[in-house]
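A.B. asks: The sequence shown runs contiguously to residue 499 in my numbering. Cβ atoms here follow ideal geometry from the backbone N, Cα and C, with glycine treated the same way. Only a predicted model underlies this, so the values are computations on that prediction, with no experimental measurement involved. Sending over a structure as structure tokens; questions will come in a sec.
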Amino acid sequence: MATRSAEDYKASLNDGRTLFFKGERVDDVTRHPDLGVGVEHASLDFALAEDAAHQDLMTAKVPETGEMISRYFVSPTNTDDLLKRREMIETSTRLGGGVVLLIKEIGSDALFALSLVAKRIDEGYGTDYLKRVEAYHQHCQQGDLSMAVAQTDVKGDRSLAPSEQTHPDYYVRVVEEREDGIVVRGAKAHTTCAPYVDEIIVLPTRNLTEQDKDYAVAFAVPANAPGLKMIVSPFGASSSSDFHNPVSSHHRMIESLTIFDDVFVPKERVFMNGEWDFAGGLATTFVQFHRFTAVSYKPPLCDLLTGAAALIAEHNGISRASHVREKLMHLINYAETVRALSKAAAVDCVQIDGVAIPNSIITNVAKFYFASNYHQMVSYVQDIAGGLVVTGPSEEDLTNPETRDYIEKYLGGAARVPTLDRLKLVNLVRDLTASDFGGYNELLAIHAEGSLEAQKITIYREYDLERCKSLAKQAAGIEDNA
């Protein structure tokens with residue numbers, strides 16, 4: 018089996034995994050009224066791979082066997098591979114209501130990073146990690162498995178190293194080594210999609226010293242591994258009403274606090290164990306791929322904000338106002354800048370060991386531009402939409418014969434625009450910008466795939482300032498060796 022159906026995927030999740038949501042144990046994530054929304058959203062990945070209209074984009078042929086696999090498992094070797102990957106992520110996100118699916122995107126980012134770093138570790142330590150990574154990659158590819166990445170440790174006191182914390186489990190660590198594997202303990206925060214994937218891939222989150230070598234660990238476990246427990250976040254959820262929450266009632270990601278309560282990891286699933294000097298390199302290599310994923314899935318949300326603003330301007334009768342057109346211009350500029358930069362990162366990629374890596378500076382510039390401007394774009398949409406976004410009537414008021422006619426009469430907008438359509442659009446703006454889901458997206462813009470400061474550091478560290486300084490010296494008539 019190299020590709021699965023959406024139904025196969027959903028059936029695989031009923032495997033006895035340990036999930037808690039709002040204080041209660043969840044026995045079947047697929048049938049849960051809240052968490053099931055995430056499952057249905059993610060299942061679109063498999064549905065698209067079976068859909069004739071999208072199959073060529075979502076799948077690829079293995080040259081050696083002729084077998085069709087998910088394109089996510091194709092290690093990029095050139096610009097064309099990266100551009101196809103970018104298009105696949107953008108397309109599936111657009112079809113997912115502007116919400117990325119993220120059940121293969123992030124996991125394959127980790128697989129690519131692990132393959133590059135495992136080779137370096139093997140060269141330095143004489144280990145066989147690359148062989149293990151390749152075997153695990155094949156396992157996921159052949160099973161068409163969904164994957165989450167648990168990278169961000171809970172950290173405790175951020176000013177202290179892992180071994181200096183008030184208790185030793187603020188970072189995931191190895192607590193026992195056995196001939197056939199290791200036992201790990203600790204917790205990872207905000208693990209996206211973990212409640213409804215097949216596999217959890219664990220990576221280090223930072224540079225480490227030799228004193229912290231027990232924390233230098235990378236591995237993969239099934240989501241139902243004994244001792245693995247997930248406390249699922251309730252935030253980002255809204256009502257199930259199509260009227261009130263047209264996007265989030267059908268499309269959302271769900272995070273968990275992922276706890277490793279003495280979880281055994283078989284030796285063949287361990288990809289780093291004590292090689293502390295490679296922990297930071299693995300973390301940053303993963304980020305190089307994952308921020309490219311990020312800037313590939315951002316444009317559909319930008320488009321959705323732009324479209325909502327343009328439509329509500331028409332419904333409010335203000336589309337010809339100069340200040341509205343200016344705001345729409347900014348929204349268009351925002352969307353197309355992020356889209357163009359994501360493509361440029363693929364075009365100007367670098368190849369290491371046969372793997373194409375998106376241009377790091379361009380990727381980080383794109384991510385920084387998106388994140389640092391997101392709240393301003395939201396404010397433009399809210400300004401155009403008006404206060405009705407947070408003061409409008411309920412769905413129940415529209416179905417109540419005592420109030421419906423008043424709403425129809427007094428909440429109309431431009432001529433020939435049905436009142437109901439105007440209210441639906443107002444609710445779309447609220448769902449995207451002024452709901453629990455909207456607030457989730459605002460924080461996601463800042464912190465997902467690394468903070469603004471992380472992007473600043475990367476851009477400054479990797480940019481060739483010497484080239485610019487030499488040019489300035491030449492223009493000023495200063496000898497370059499001065």
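Below 7 Å CB to CB, which residues in the same chain sit around Y89 once its five sequence neighbours on both sides are set aside?
C.D. replies: K121, E122 and S125, listed in sequence order.
A.B. asks: Just how far apart, CA to CA, sit T222 and E466?
C.D. replies: Cα-Cα distance, rounded: 12 Å.
A.B. asks: How about E216 and M164: do their beta carbons lie closer than 8 Å?
C.D. replies: Taking 8 Å as the Cβ cut-off, E216 and M164 qualify as a contacting pair.
A.B. asks: Hey, would you say G141 sits closer than 8 Å to L225, going by beta carbons?
C.D. replies: Taking 8 Å as the Cβ cut-off, G141 and L225 do not qualify as a contacting pair.
A.B. asks: Looking at the strands, I want to know which residues DSSP matches up with P283.
C.D. replies: DSSP lists G198 as partners of P283.
A.B. asks: Can you give me the start and stop residues for the beta strand (DSSP E) that M85 sits inside?
C.D. replies: Segment M85 to S87, the beta strand (DSSP E) holding M85.
A.B. asks: Given a threshold of 16 other Cβ atoms within 10 Å of its Cβ, counted over all protein chains shown, does E500 qualify as buried or as exposed?
C.D. replies: For residue 500 there is no data in the structure shown, the boundaries of the chain being 18 and 499.
A.B. asks: Could you tell me whether the region 454-471 touches the region 367-374, using the rule of 3 or more Cβ pairs below 8 Å?
C.D. replies: Too few Cβ pairs lie closer than 8 Å, so no.
A.B. asks: Within this structure, are the beta carbons of V150 and F309 separated by less than 8 Å?
C.D. replies: No, the Cβ-Cβ distance between V150 and F309 is not below 8 Å.
A.B. asks: With C-beta atoms as the reference, is V282 less than 8 Å away from S359?
C.D. replies: Against a cut-off of 8 Å, the Cβ pair of S359 and V282 comes out as no contact.
A.B. asks: Write down every uninterrupted run of the alpha helix (DSSP H) in the region 144-227 whose length is 4 residues or greater and which is fully enclosed by it, in chain order.
C.D. replies: With a minimum length of 4 residues, the continuous alpha helix (DSSP H) runs that stay inside the region 144-227 are 146-160.
A.B. asks: Under the three-state reduction of DSSP, which class applies to L328: helix, strand or coil?
C.D. replies: Correct three-state label for L328: helix.
A.B. asks: Do the region 321-341 and the region 126-135 make contact, defined as three or more Cβ pairs closer than 8 Å?
C.D. replies: The answer is no - the region 126-135 does not touch the region 321-341, with fewer than three Cβ pairs under 8 Å.
A.B. asks: Using DSSP's beta-bridge definition, name the partner residues of R42.
C.D. replies: R42 is bridged to F37.
A.B. asks: By DSSP's criteria, L112 is part of a beta bridge. Which residues make up the other side?
C.D. replies: DSSP output for L112 lists no bridge partner at all.
A.B. asks: So V249 packs on L52, CB below 8 Å; how close in whole Å?
C.D. replies: Right, the Cβ-Cβ distance comes to about 7 Å (below 8 Å), so this counts as a contact.
A.B. asks: Please state the DSSP three-state secondary structure of T420.
C.D. replies: T420: coil per DSSP, three-state reduction.
A.B. asks: Can you check whether the C-beta of P93 is within less than 8 Å of a C-beta belonging to chain D?
C.D. replies: Structure shown: chain D not included; a single protein chain is present.
A.B. asks: Helix, strand or coil: which one does DSSP assign to S367?
C.D. replies: The sequence given here has Val at residue 367, not Ser. If DSSP states are grouped into helix, strand and coil, V367 belongs with the strands.
A.B. asks: Determine the direct distance from the alpha carbon of D481 to that of A492, and round the result to whole angstroms.
C.D. replies: For A492 and D481, the distance between alpha carbons rounds to 18 Å.
A.B. asks: May I ask you to verify whether the region 26-34 touches the region 43-57, counting CB pairs closer than 8 Å and requiring at least 3?
C.D. replies: Taking 8 Å as the limit for Cβ pairs, the verdict is that the region 43-57 does touch the region 26-34.
A.B. asks: What distance in whole Å lies between the Cβ atoms of C319 and V355, which are believed to be in contact at a cut-off of 8 Å?
C.D. replies: Contact holds; Cβ gap of about 6 Å.
A.B. asks: If R286 and D231 are in contact, beta carbons under 8 Å, what's the gap, nearest whole angstrom?
C.D. replies: Contact flag wrong, Cβ pair sits at about 18 Å.
A.B. asks: Going by C-alpha distance, which of R337, S257, L345 and M247 is nearest V398?
C.D. replies: Selected option, being the one with the closest Cα: L345.
A.B. asks: Which residue marks the beginning of the beta strand (DSSP E) containing A493, and which one marks its end?
C.D. replies: Element bounds for A493: not the beta strand (DSSP E) but the alpha helix (DSSP H), L482 to A493.
A.B. asks: Pick helix, strand or coil for N241, following the three-state DSSP scheme.
C.D. replies: Three-state result, N241: coil.
A.B. asks: On the DSSP bridge list, what partners appear for T275?
C.D. replies: According to DSSP, which records beta bridges pairwise, T275 is partnered with K205 and M247.
A.B. asks: For the putative contact between I276 and A204, defined by C-beta atoms under 8 Å, what is the C-beta separation to the nearest angstrom?
C.D. replies: So it is a contact: roughly 5 Å between Cβ atoms.
A.B. asks: Out of I476, N376, V395 and V364, state which residue places its alpha-carbon closest to the alpha-carbon of D97.
C.D. replies: Of the listed residues, the one whose Cα sits closest to D97 is V364.
A.B. asks: Where DSSP assigns a beta bridge to M289, which residues make up the other side?
C.D. replies: Paired residue(s): A235.
A.B. asks: I'd like to know whether the C-beta atoms of S109 and L118 end up nearer to each other than 8 Å.
C.D. replies: Yes, these two residues count as a Cβ contact at 8 Å.
A.B. asks: What does the alpha-carbon distance come out to for the pair K426 and G403?
C.D. replies: Those two C-alpha atoms are separated by around 18 Å.
A.B. asks: Going by beta carbon distance, what residues of the same chain come within less than 8 Å of T76, once the five residues before and after it are set aside?
C.D. replies: Excluding sequence neighbours, T76 sits near T20, A66, M85, I86, S87 and R88.
A.B. asks: Comparing alpha-carbon positions, which option in R433, N350, I476 and T408 lies nearest L322?
C.D. replies: Nearest C-alpha to L322: N350.
A.B. asks: Once you ignore the five residues that flank G291 on each side, which residues in its own chain have a CB closer than 6 Å to its CB?
C.D. replies: Result list for G291: K230 and A233, in chain order.
A.B. asks: Can you tell me which of the three DSSP states V372 falls into?
C.D. replies: Strand, per DSSP.
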